[in-house]
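What follows is a short report on a single structure.
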Amino acid sequence: MAKVSDSIPETLQPEVDAAINWFNAQSSDEFAVTGIVDAECSLAPSDKKELRLVLCGGDICQQKKFNVVRSGDSFAVSLADELAISNGTQAELDPPPGARQWWLDDAIKKHKFVVLVFYRGFW
Numbered sequence: 266m267a268k269v270s271d272s273i274p275e276t277l278q279p280e281v282d283a284a285i286n287w288f289n290a291q292s293s294d295e296f297a298v299t300g301i302v303d304a305e306c307s308l309a310p311s312d313k314k315e316l317r318l319v320l321c322g323g324d325i326c327q328q329k330k331f332n333v334v335r336s337g338d339s340f341a342v343s344l345a346d347e348l349a350i351s352n353g354t355q356a357e358l359d360p361p362p363g364a365r366q367w368w369l370d371d372a373i374k375k376h377k378f379v380v381l382v383f384y385r386g387f388w
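Quick note: the working numbering has the sequence shown finishing at residue 388, numbered continuously throughout.
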């Protein structure tokens with residue numbers, strides 16, 4: 266079972282920052298990193314990191330897998346093969362605590378009531 270953490274290890278923060286900045290430059294929405302999947306797998310010293318990040322923005326949260334390669338003082342970032350994470354892991358992940366706290370507050374301000382539907386742990 267995948268282990269999702271809402272805190273990014275300090276040693277991975279530069280790579281995570283590079284990945285989210287790159288992803289936001291490619292996207293029409295603004296996303297934030299709200300978690301990391303199996304962070305201990307990415308902690309080994311290496312110039313190339315594979316990061317599985319939980320990204321939330323707008324009304325969605327999603328898991329994306331990034332290849333991050335250190336190149337001098339900068340990073341080269343790309344999405345890893347999407348087929349590698351299509352093995353069912355996506356649906357099994359719960360959003361990290363706090364990933365959506367702001368969403369309910371914003372929705373209540375916009376509407377008279379909000380219906381929350383939970384279905385077998387899917388989010």
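Just so you know, even glycine gets a beta-carbon here, dropped at the ideal spot from N, CA and C.
Asked                                                                                                                     : Found
Between the alpha carbons of F296 and C326, how many angstroms are there, rounded?                                        : 9 angstroms
Could you tell me whether the Cβ atoms of L344 and L308 are closer together than 8 angstroms?                             : no
Count Cβ pairs between the segment 367-380 and the segment 330-344 that sit closer than 8 angstroms; are there 3 or more? : no
Based on DSSP bridge pairs, tell me the residues matched to I301.                                                         : S270 and L318
Return yes when the C-beta of S293 is under 7 angstroms from any heavy atom of the ligand MG, and no when it is not.      : Of ligands this structure carries none, so the ligand MG is not represented either.
Between A284, S272, L381 and V269, which has its C-alpha nearest R335's C-alpha?                                          : A284
Considering Cα atoms alone, identify which of V298, F378 and P279 is closest to D271.                                     : V298
Please classify C306 as buried or exposed, where buried requires at least 16 neighbouring CB atoms within 10 angstroms.   : exposed
Any idea if V407 is buried or exposed, counting beta-carbon neighbours within 10 angstroms, 16 or more meaning buried?    : The question about residue 407 has no answer here: the residues shown for the chain are numbered 266 through 388.
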